[in-house]
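Quick note on numbering: the sequence shown equals residues 0 to 396 in numbering that gives the first Met the number 0. Each residue gets a CB set at the ideal place from its N, CA and C atoms; glycine is no exception. For clarity, every value in this text was computed on a predicted model and none was experimentally measured.
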Amino acid sequence: MTSPAPGWRPEVSLYFRPPISPVLLEAKVKLIYREFCYHHLKNFGLSDDYGVKKSLDYGVKCDSKDREASENEDLLSNLLTMGVDIDMARRRQPGVFNRVVTNEQELRMFLLSKGASDKVIGSIISRYPRAITRTSEGLSKRWELWRKIMASDLEIINILERSPESFFRSNNNLNLENNIKFLCSVGLTNKCLCQLLTRAPRTFSNSLNLNKQMVEFLQETGVSLGHNDPTDFVRKIISKNPSILIQSMKRVKANIEFLQSTFNLNTENLLLLICGPGARILDLSNDCTKRNYANIQEKLLSLGCTDEEVQKFVLSYLNMIFLSEKKFNDKIDCLVEEKISISRIIENPRILDASINNLKTRIKELVHAGYDLSSSNIALLSWSQKRYKAKLRRLNG
């Protein structure tokens, strides 16, 4: 075999093809030449020892002017036809466009067979381009494993539409299968597994060892707090907070300690709290938890509340801790400006669930209807829209 002569370029036929730009044509020539060099040098045993292919790739990828030119033209054409947002896909995973072999057509046919629309498929690839690198066999196996948990193909399509990464991020189907078996072995029901796939699908991309460590940590926590059934404790925590398995043990432990020390809880009351409403804040950043609570405390103390009242208020509705400093303060100020006493706000913590815009709109409508918020029931500020509108119609007579 002889090496290619200097200046050699492979012939590129343009017959039976639509015209392409000179830049893309040059890129395709470079691509073919690079592969030619690699495969011929490989016969001499040079490619593995001297990194020939890596060097050839590097030469193309490091030229910023040729970055887009080095993209696979056929792939670009296919993706445009499929309705993919090329700019979005490039921003997210640019390397995909330099691949010689991709499976976008197979992916499209596979998802169409499961009930996805072309629009949904285009959206999935736009947001997670690496999906087109998955093989039909791998997709079929992964789908089969998901269907053991989900009730229908449509449910899986809905998850993919919302979070394509959850399905396509990993092609390690053995790890997925082992995670499903493990989570079933610790007593999680199919309903609970379905919750995990729907709300925290990254759980199944975790390594099996990582999930085992978190489950063991939760079991030990349950035992230390006096729970007589560690498996039941884990089930309760996960059912209340499906994201718990993708959090760090350090974060969860810090939040448990925060709840115990801040509210002076004994182990029995702490157990009741984290098996109930407290489970949701276990995966919140501990700094965020402390900062938001400190702000609630400072704001309410400035309005005449005692420390005991603040603690009782937050414990009665722990969702309060999810409110940022600005959101909490703005809502309190909005209510106080309407002559609603802080004591009545404390008695009705759920009104702080409403957005600031919703609060202002409802207050304005109620005042216009002659409703006295300073002395009347304020719970309707957090009612459902249907129930609230019915009440407003009655007030307006």
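What residue range does the alpha helix (DSSP H) around residue i cover?
i	result
isoleucine 243	Here isoleucine 243 belongs to no alpha helix (DSSP H), and DSSP marks it neither H nor E.
phenylalanine 257	248-261
aspartate 306	306-315
aspartate 152	152-161
arginine 361	355-367
serine 135	135-146
leucine 281	From DSSP, leucine 281 is part of no alpha helix (DSSP H); its letter is neither H nor E.
methionine 149	First-last for methionine 149: undefined, no H or E at that position.
glutamine 218	207-223
glutamine 384	384-395
asparagine 328	324-336
aspartate 231	229-239
cysteine 274	First-last for cysteine 274: undefined, no H or E at that position.
glycine 121	117-126
aspartate 371	Per DSSP, aspartate 371 belongs to no alpha helix (DSSP H) and is neither H nor E.
arginine 90	85-91
aspartate 73	72-80
phenylalanine 166	164-167
With a CB to CB cut of under 7 Å and the five nearest residues on each side skipped, what residues in its chain are close to residue i?
i	result
leucine 110	Ile120
leucine 365	Leu372
asparagine 347	Ile377 and Ala378
aspartate 62	With a pLDDT of only 46 at aspartate 62, under 50, the local geometry of the prediction cannot be trusted, and no value is derived from it.
leucine 270	Leu224, Gly225 and His226
proline 276	Leu317
leucine 314	Phe262
glutamate 256	none
lysine 289	Phe257
phenylalanine 167	Tyr127, Arg129, Ala130 and Arg133
tyrosine 49	The pLDDT assigned to tyrosine 49 is 37, lower than 50, so where the model puts this residue is not dependable, and the model offers no usable value.
Looking only at its own chain, which residues have a Cβ that is under 6 Å from the Cβ of residue i, when we skip the five neighbours before and after it?
i	result
leucine 322	none
serine 381	Arg349, Ile350, Asp352 and Ala353
isoleucine 341	Leu302
leucine 334	Ile344
aspartate 152	Lys113 and Gly114
arginine 141	Asn172
alanine 368	Leu394 and Asn395
glutamate 160	Val119
phenylalanine 43	In this prediction, phenylalanine 43 scores a pLDDT of 46, lower than 50, which makes its location untrustworthy; the coordinate-derived value is nonetheless stated afterwards. None.
Please name the residue in the options whose C-alpha comes closest to that of residue i.
i	options	result
asparagine 291	Lys249, Val309, Leu196 and Leu175	Val309
methionine 81	Glu105, Asn97 and Leu380	Glu105
methionine 319	Leu300, Glu336, Asn171 and Asp352	Asp352
valine 83	Met213, Ile124, Asp73 and Asn97	Ile124
aspartate 73	Leu317, Ile377, Lys113 and Val99	Val99
isoleucine 158	Leu334, Lys113, Lys359 and Arg392	Lys113
valine 185	Gly94, Gln218, Arg133 and Asn356	Gln218
glycine 137	Pro163, Ser165, Asn171 and Asp117	Asn171
asparagine 254	Cys287, Arg393, Asp117 and Ala368	Cys287
threonine 261	Phe312, Ile331, Tyr387 and Gln92	Phe312
lysine 388	Glu160, Arg361 and Ser238	Arg361
arginine 198	Leu394, Glu256 and Ser238	Ser238
threonine 132	Pro200, Asn97, Glu143 and Ile155	Asn97
leucine 187	Ser383, Pro241, Gly221 and Arg168	Pro241
glutamate 164	Thr134, Arg201 and Leu153	Arg201
asparagine 77	His367, Glu103, Thr230 and Val95	Glu103
phenylalanine 216	Thr230, Ser204 and Leu272	Thr230
glutamate 204	Leu270, Pro276, Ser169 and Gly369	Rather than glutamate, the amino acid found at residue 204 in this sequence is serine. Checking every option, the nearest Cα to that of serine 204 belongs to Ser169.
asparagine 395	Ser374, Gln212 and Tyr370	Tyr370
asparagine 356	Val95, Asp332, Leu79 and Leu391	Asp332
lysine 420	Phe167, Lys338, Gln212 and Leu272	In the structure displayed, the chain extends from 0 to 396; residue 420 sits before or after that span and is not available.
threonine 397	Ser135, Val251, Leu207 and Asn208	Because the chain spans 0 through 396 in this model, residue 397 falls outside it and cannot be assessed.
serine 122	Gln384, Glu154, Pro93 and Leu79	Leu79
serine 375	Ser383, Lys338, Arg392 and Leu358	Lys338
For a cutoff of 8 Å on Cβ pairs, would you count residue i as touching chain D?
i	result
leucine 75	Reference to chain D is not applicable here, since this structure consists of a single protein chain.
Excluding five sequence neighbours on each side, which residues of the same chain lie with their C-beta closer than 8 Å to the C-beta of residue i?
i	result
lysine 235	Cys274 and Ala278
serine 139	Phe109
phenylalanine 327	Asn291, Asn294, Ile295, Lys298, Met319 and Leu351
leucine 144	Asn172, Leu175, Glu176 and Ile179
asparagine 210	Asn178, Phe181, Leu182, Thr202 and Leu244
asparagine 71	Leu30, Phe96, Asn97, Arg98, Val99 and Thr101
aspartate 117	Met81, Gly82, Arg107 and Leu111
isoleucine 156	Leu110, Lys113, Gly114, Ala115 and Val119
Measuring only from the beta carbon, is residue i closer than 7 Å to any heavy atom that is part of the ligand GTP?
i	result
asparagine 376	Inclusion of the ligand GTP in the displayed structure is not the case, the ligand content being empty and no account of it being possible.
- Message: Does the structure place the segment 117-132 close enough to the segment 76-96 that three or more beta carbon pairs sit under 8 Å?
- Response: yes
Counting beta carbon pairs with one atom in the segment 241-250 and one in the segment 268-287, are three or more of them shorter than 8 Å?
yes
Is it the case that the segment 297-305 contacts the segment 261-274, given that we only count it when at least three CB pairs across the two stretches are under 8 Å? no
* Asked: Given 8 Å as the limit, is there contact between the segment 186-202 and the segment 142-158, that is, 3 or more CB pairs closer than that?
  -> yes
For the structure I just gave you, are there three or more beta carbon pairs, one from the segment 218-235 and one from the segment 160-176, closer than 8 Å?
no
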